[in-house]
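Protein chains: 6
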Amino acid sequence: MKKLVLTGAAGRLGSYLREPLTRMCDELVSTDIVADIGKLYDGESYVQADLTDLAAMEAIVKDATMVVHFGAIGDEAPWDDILRSNIIGAYNVWEAAYRQGVKRVVYASSVHAVGMHLKTDTIGLDAPHRPDTYYGLAKCFAEDLASLYWDKRGIESVCMRIFSCAQATNARSIGTWLSYDDLIHLVERSIDSAVVGFTKVWGLSNNDRAVVDNSKAGHLGFRPKDNAEQFAKDVFAKTPPLDNKDLANLCIGGPFATVELGNSGVAALGVVNDKKTT
Amino acid sequence: MKKLVLTGAAGRLGSYLREPLTRMCDELVSTDIVADIGKLYDGESYVQADLTDLAAMEAIVKDATMVVHFGAIGDEAPWDDILRSNIIGAYNVWEAAYRQGVKRVVYASSVHAVGMHLKTDTIGLDAPHRPDTYYGLAKCFAEDLASLYWDKRGIESVCMRIFSCAQATNARSIGTWLSYDDLIHLVERSIDSAVVGFTKVWGLSNNDRAVVDNSKAGHLGFRPKDNAEQFAKDVFAKTPPLDNKDLANLCIGGPFATVELGNSGVAALGVVNDKKTT
Amino acid sequence: MKKLVLTGAAGRLGSYLREPLTRMCDELVSTDIVADIGKLYDGESYVQADLTDLAAMEAIVKDATMVVHFGAIGDEAPWDDILRSNIIGAYNVWEAAYRQGVKRVVYASSVHAVGMHLKTDTIGLDAPHRPDTYYGLAKCFAEDLASLYWDKRGIESVCMRIFSCAQATNARSIGTWLSYDDLIHLVERSIDSAVVGFTKVWGLSNNDRAVVDNSKAGHLGFRPKDNAEQFAKDVFAKTPPLDNKDLANLCIGGPFATVELGNSGVAALGVVNDKKTT
Amino acid sequence: MKKLVLTGAAGRLGSYLREPLTRMCDELVSTDIVADIGKLYDGESYVQADLTDLAAMEAIVKDATMVVHFGAIGDEAPWDDILRSNIIGAYNVWEAAYRQGVKRVVYASSVHAVGMHLKTDTIGLDAPHRPDTYYGLAKCFAEDLASLYWDKRGIESVCMRIFSCAQATNARSIGTWLSYDDLIHLVERSIDSAVVGFTKVWGLSNNDRAVVDNSKAGHLGFRPKDNAEQFAKDVFAKTPPLDNKDLANLCIGGPFATVELGNSGVAALGVVNDKKTT
Amino acid sequence: MKKLVLTGAAGRLGSYLREPLTRMCDELVSTDIVADIGKLYDGESYVQADLTDLAAMEAIVKDATMVVHFGAIGDEAPWDDILRSNIIGAYNVWEAAYRQGVKRVVYASSVHAVGMHLKTDTIGLDAPHRPDTYYGLAKCFAEDLASLYWDKRGIESVCMRIFSCAQATNARSIGTWLSYDDLIHLVERSIDSAVVGFTKVWGLSNNDRAVVDNSKAGHLGFRPKDNAEQFAKDVFAKTPPLDNKDLANLCIGGPFATVELGNSGVAALGVVNDKKTT
Amino acid sequence: MKKLVLTGAAGRLGSYLREPLTRMCDELVSTDIVADIGKLYDGESYVQADLTDLAAMEAIVKDATMVVHFGAIGDEAPWDDILRSNIIGAYNVWEAAYRQGVKRVVYASSVHAVGMHLKTDTIGLDAPHRPDTYYGLAKCFAEDLASLYWDKRGIESVCMRIFSCAQATNARSIGTWLSYDDLIHLVERSIDSAVVGFTKVWGLSNNDRAVVDNSKAGHLGFRPKDNAEQFAKDVFAKTPPLDNKDLANLCIGGPFATVELGNSGVAALGVVNDKKTT
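Each protein sequence line maps, in turn, to chains A, B, C, D, E and F. Each residue of the first sequence is one higher than the last, beginning at 115 in our numbering. Each residue of the second sequence is one higher than the last, beginning at 115 in our numbering. Each residue of the third sequence is one higher than the last, beginning at 115 in our numbering. Each residue of the fourth sequence is one higher than the last, beginning at 115 in our numbering. Each residue of the fifth sequence is one higher than the last, beginning at 115 in our numbering. Each residue of the sixth sequence is one higher than the last, beginning at 115 in our numbering.
Structural data, given as structure tokens:
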């Protein structure tokens, strides 16, 4: 691949992806809203841009083969912020990709698109959307947008529904952890798969207590290696009994299932899914 | 019911609903973006407002029990227009409803939220979103929004996926027609059902050749009476053989399945689903 | 058919069935725990018996072709009562049938075997058991017993999951009503069908707002004629707004979904499903 | 439609279709293996031909828009006969249609393609093939052939799984009857539907006791009017009790479920599905 | 966990669990109907009690956090015995748990709740009940009871459907074996999972030829390590050809699928699932 | 096992099986249409025969316990060839097996029976037939034949849907590879399983990017060990970007999805599934 674009490159997860992505292309163009992302890797360049600026996005994705789209607010936020960064931003990425002949968008979707489903249902990829927040609602929007651009315009997408990509420090994450290595593996498979059409895939590690079923994404070849069970004993020892009437404990969205719409879920989560990037 | 609000009251379908709705409440507040909707019915008042103005929407729905939400661009349109009227507009309606304690939103969703599904699949209400246009994408968004407001805030919604509510003058409409009487019946049931939670329902008449299966919405009691078969012979006589490789003939979204994104589908459809209202 | 047995003949629903059943056989043996059921119909005889007495049941079903089993406590009740009348009683009926070579048991099962399912899900006959009371739990037991006796001993059963067979006087019953005529029709089809194996069927009328889907019981030919919609306007006019967070309004079991286990649901229901018979 | 071809025109069911089909086209070409089918209807011509002769079939379907394919052995028969008439014959019809640019094949498939399924399962159109005879096996073959010609060559097909199209004189037929009028209606809808792709549909009347579920063929608009229930009382009165361990009574294929492979099922059925035509 | 109760502690499987369970709590109270279970482990005490004595059960579970319920007749038995130990006994355990504020019941359910399903169907956890014996029927009852107590009273349950927890010495067990280590692992996960609601899980090892699919119990994190394939060659060498028309070989319940109701299946099984404990 | 028969023994895959099969029986009778297959293994004898000769097949399978049926044209071919070798040949094998009391047929079915399904759907074994060629159509036929002989005559079958059993040298094969070792393992399990009834199973290795889901064949115990991922980097490096509108890249049948019916797919595949044997 000649050119690859990474949005949200200054974000927590984006930062982890920069170096691995340089090894998958001749030229990685990283972009984010901040002025500077520090020292660049070999083959990487940085362009400051706002996702809400379609013209800027077009310029950035010109001649690229794929876009790895991680740029967005990475937490629950007020509607206007989600609208601007996560909804309009998503539109701009797919539309820019279309206008510039980009082949594929690899997208950081989220469990929160379906966060109100019960943990005890072990849902598959065919479960209906059931967002838990504005943040999750925007993920639903982007997935449907990706479906539309595939059906109508032939732009491929992989919607990676990322779970808890952070230190596994609470009881929920023993089931929902995605290690950094497995995240990188997932992104690599989303890029190197020959044909993906419109693909959804759960982004979580090979945890003993995985709360979802990835069997409908077999073709993508995502085979995570890590397993949060290694942290279980320590985490459970520090965890007080959980209230089993609390939706935050019953739903796969975790604390987002009960957080007030528009309010940050960070404190409740005890972990940041991704810091704000755009 | 004391007070009911109708958005999009100046629109083609909204206009049909005004009189029947006055009979279901003490006070019908009709609203649209136009200055005037002509002679009012008994019990009806009119308020000019823009759906994109949240404060205005809040003022209108104050003390209402339900909102019948038909206000939106009723056709494929450029993204910026869909974003403003159909996405932000939808958010404003549900958010205003929440802030003012409104119990339920009865929403004019559309077949175009799932328009890329094949006609020969006779899908049920559990089929995944598969929009055919920006117009359909916005319907997907509003349905997920409705799901979110029910799960998180207890606002009920009925998402009526309206098909071809217009004269049945082409071959597709023999399967997809929704008569005006059946539309009114559907809206009435969406209002008088005691508890609806988050309900989706196909909005089409009792056509012999109905292309979808409503059996998962039994509780709503929608029992359409009309049947487009009465028009079949005449319509088919005037219809040249259809190209069975053309997605417009294969997909339930009809011409929207092939219309260029952002361009009006009206000419292709040969029928207006609804004229622009907001 | 030469001989048919009706249990629970003194009960509310059993009483309605006596006369119609005499027309389907040469000899109807009605039985219940009471001393006397009044004037008998042509071809009917009465035997007082306790369902918990296996020997008595054996004597009654001797030479019968089928048993129509309505005998049981027809409401939520303390566990010990349900155990005796509805669980042990059911065992005795199937076991007596087996010992005496009876071909089929037509059983008054109930919606309460699955009463905790959501009304808005319009479940089919393949939904899992989800009882709402001890009463419903005993229905689950009897259905599984019927399955066992078919698989292991070739005794056929029809499990009629009866909904609200009483005057339709509350909002729930507009969706769940089973008219007396439709009950009789259902029992007739359960008897005259040539081969039924182990069949489950929803027992409710052809209500516009029917909350379940009978399409998996097509072979039985139950085609109800009545429709509670005729009562809807009057009933709704008298019904205050229902609390849509109350499981009694959300679940198909209605008030049984919230009644305390072991306590009668009668007051809450405002209608008796069946009075106590055994 | 200018030209329509009917194979098996001398057969029992084919004979019924000749006159109605003349009303759906300018020119009906009837064909069968016999020398003569008697007096012709207006617009009908007859060509004697053997289905196993591809060149002859090509000549017959030249310039036709559709083929209504009823030509085949209409009963269980020795393998070599089924192979020749029903398998090779089917291949020749679709291949001839392809070579001559015919748009659609309307095919007399049969319940016997799935005859080993249980009557009490009320299967839908998505149930897997489960043939009960060589006859049924050939129907499976032709359905898969139809699927192949649609996917690879764009030839449309409607596979009508005909049940008991004959006098309803036995207990099974109360559930499986297809009246002649409903057969004609089904063929008409299979012809006049604008786009059908590869469509399967159950061919049975609106019987109370219909043993299958047609809800996945909604787009075809088959709405049968007749109901075998009118014969039920008389038929049941003459029917001795059926053995409920006998697969002939348990399976939707009826006597074909137990007939020895290669032997005629006619005697067992008490009714001829169709007499031999080719 | 402060206090844990084990019923059936003198039984074959219960005996294996005593020592591991002491390591999961401060205080293990073992109970069974026998006078004495021999030498106790550190942290273990023993209380003789009859499961049919609700007051005794209440006293035992007082202040316990969870109950591991293995007490029951562990084989097919006459109805009256099953009724007393396995049905009434189960009721007493859940009711005592409820009255004393116990959080969770970990229950030894069994494959025999669904034993009549075909081995070649590889059913999932959503397959309907299909018991093969009175023993299996009582397991169905207890599972429905567990569902009821979760829905109505918030008592959690894990229903472990144990297969062949014994030496793998016959052909069936190569597919159905549950090693003792994997049993312990399963019980541990059923205890240490933070929230389980009403969970069902298949209890069998990681056998190559596992006859069921556990993918709907992902959240529980049961990852068995053992594999009966190590015994396959030896066992098959000693196994005569099996009759493939025999339900004992076709159904996942094995010999229980053909054992006479009420008669012990032990001889047929060649292995005791559990000896009688209550 | 005393005697085992292998058809297609001179074919590419058959050749690989000869030696392993000799270790599973006392006497292996290999057969094919060629005069000679070279040096025989211990316990192996060779009989030249044509699959289209039923009498010859009967003679060969006499006294055999099972037939491993690999004899057929192993590629797309003209209809008449497929008819003779793959359809009539299959009939002869099952019919000969029936006449001679053979217990089981282990059959080399193929992905091409369902080759038109989308790669991104990760279908299970319950997906409907959807052949991509005459070759695949004949596989459909044989699977339905196997179903028929099990249901009606008690002959067991395992239909192994073999994918790409050859060097993994193109992008598709990274997902569809079946190593020779895994093929042998699959055949062994198909033989040594005690009871298989009518079983379908996907025949592909444990590839990261496996395009189908084998979870419904758990009872067979097929646990492939190899993984084509080892070849991915090299293969992808040599692969130009694939056209994602080309059905050959979208469908699991690969190039067969676009090959002209009746024309060899070999050139397109770049690999021979099996050379012609009969």
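Virtual Cβ for every residue (Gly too), placed ideally from N, Cα, C. From a predicted model like this one, the values you see are computed outputs, not experimental measurements.
Please list the partners that LEU318 (chain B) has in chain C, where partner means a Cβ-to-Cβ separation under 9 Å.
Here the premise fails: no neighbours, minimum Cβ distance about 17 Å.
What three-state label does DSSP hand ALA222 (chain E) in the structure shown?
strand
Give every residue of the same chain whose Cβ lies closer than 8 Å to the Cβ of LEU118 (chain C), excluding the five residues on either side of it in the sequence, and list them in chain order.
LEU135, MET138, CYS139, GLU141, LEU142, VAL143, ALA178, THR179, MET180, VAL181, VAL182 and ILE305
Rounded to whole angstroms, what is the Cα-Cα separation between ASP156 (chain C) and GLU133 (chain C)?
8 Å
Any beta-carbon of chain D closer than 7 Å to the one on VAL326 (chain C)?
The beta carbon of VAL326 (chain C) sits no closer than 7 Å to any beta carbon of chain D.
Quick one: which residues of the region 266-294 of chain F get their C-beta closer than 8 Å to a C-beta of chain D? List them in chain order.
Hits within the stretch, in order: LYS266 and ARG267.
Using a Cβ-Cβ distance under 7 Å, would THR391 (chain C) count as near chain E?
At THR391 (chain C), the pLDDT of 48 sits below 50, so the modelled position is not reliable; the number obtained from the coordinates is stated separately. No, because no Cβ of chain E sits closer than 7 Å to the Cβ of THR391 (chain C).
Beta-carbon proximity of ALA282 (chain A) to ALA342 (chain A), cut-off 7 Å
yes
Check whether the Cβ of ASP258 (chain A) lies closer than 7 Å to any Cβ atom in chain B.
yes
Just mark ALA204 (chain F) as buried or exposed, buried being the case when its beta carbon has 16 or more other beta carbons within 10 Å.
Buried.
Under 9 Å Cβ-Cβ, which residues of chain D neighbour ALA331 (chain C)?
Correct list: THR234 and THR236.
When the Cα atoms are used, what is the spatial distance from THR247 (chain C) to LEU232 (chain C)?
Each residue's CA atom was taken as its position, placing THR247 (chain C) and LEU232 (chain C) some 16 Å apart.
The region 179-208 of chain D: which residues have C-beta closer than 9 Å to a C-beta of chain F, in chain order?
Listed by position, the residues of the region 179-208 of chain D near chain F (Cβ gap below 9 Å) are TRP193, LEU197, ILE201, ILE202 and TYR205.
Count the other C-beta atoms from every protein chain shown that fall within 10 angstroms of the C-beta of GLU374 (chain F), then say buried if there are 16 or more, exposed otherwise.
exposed
From the DSSP output, in three-state form, read off ASP156 (chain E) for me.
coil
SER144 (chain E) lies in the alpha helix (DSSP H); which residues open and close that run?
For SER144 (chain E), there is no enclosing alpha helix (DSSP H); the residue is part of the beta strand (DSSP E) that begins and ends at 141-146.
Is there a C-beta anywhere in chain B that falls below 7 Å from the one on LEU334 (chain C)?
Chain B, which has no Cβ nearer than 7 Å to the Cβ of LEU334 (chain C), makes this no.
Buried or exposed: ASP194 (chain A), going by 16 or more other Cβ atoms within 10 Å of its Cβ?
exposed
What do you reckon, are the CB atoms on PHE312 (chain D) and SER261 (chain D) nearer than 7 Å?
yes
Name the DSSP beta bridge partners of HIS183 (chain B), please?
Beta-bridge analysis with DSSP links HIS183 (chain B) to B:THR121 and B:TYR221.
According to DSSP, which residues form a beta bridge with CYS365 (chain E)?
E:LEU232
Contact residues within the region 217-233 of chain A, judged by C-beta distance below 8 Å to chain B
MET230
Which runs of the beta strand (DSSP E) at least 3 residues long sit entirely within the region 298-358 of chain E? Give them in chain order.
312-317
Using a C-beta cutoff of 7 Å, does THR136 (chain C) count as contacting chain D?
no
Close-in-space but distant-in-sequence residues of the same chain around GLU302 (chain A) (CB under 8 Å, 5 per side omitted):
PRO134 and MET138
Using a C-beta cutoff of 7 Å, does GLY379 (chain D) count as contacting chain B?
no
Please list, in chain order, the chain D residues whose beta carbon lies closer than 8 Å to that of ASP240 (chain F).
Chain D residues near ASP240 (chain F): PRO242.
DSSP state of CYS254 (chain E), grouped into three classes?
In the displayed model, CYS254 (chain E) falls within a helix according to three-state DSSP.
What in chain D is Cβ-close to THR353 (chain B), meaning under 9 Å?
Under the 9 Å cutoff, chain D gives ALA308.
For ALA308 (chain F) and THR353 (chain E), believed in contact at Cβ under 8 Å, the rounded distance
7 Å
Within 10 Å of its beta-carbon, does ALA351 (chain C) have 16 or more other beta-carbons around it, so buried, or fewer, so exposed?
exposed
What residue range does the alpha helix (DSSP H) around VAL207 (chain D) cover?
203-213
Are the C-beta of LEU262 (chain D) and some C-beta of chain F separated by less than 7 Å?
yes
Give me the Cα-Cα distance between CYS279 (chain D) and GLY317 (chain D), rounded to the nearest whole angstrom.
Cα to Cα, CYS279 (chain D) sits roughly 9 Å from GLY317 (chain D).
Using only CA atoms, which one of B:GLU158, B:GLY229, B:LEU334 and B:PHE255 lies nearest to LEU364 (chain B)?
The shortest C-alpha separation from LEU364 (chain B) is found at B:GLY229.
How would you label PRO355 (chain C), buried or exposed, when you count the other beta carbons within 10 angstroms and need 16 or more for buried?
exposed
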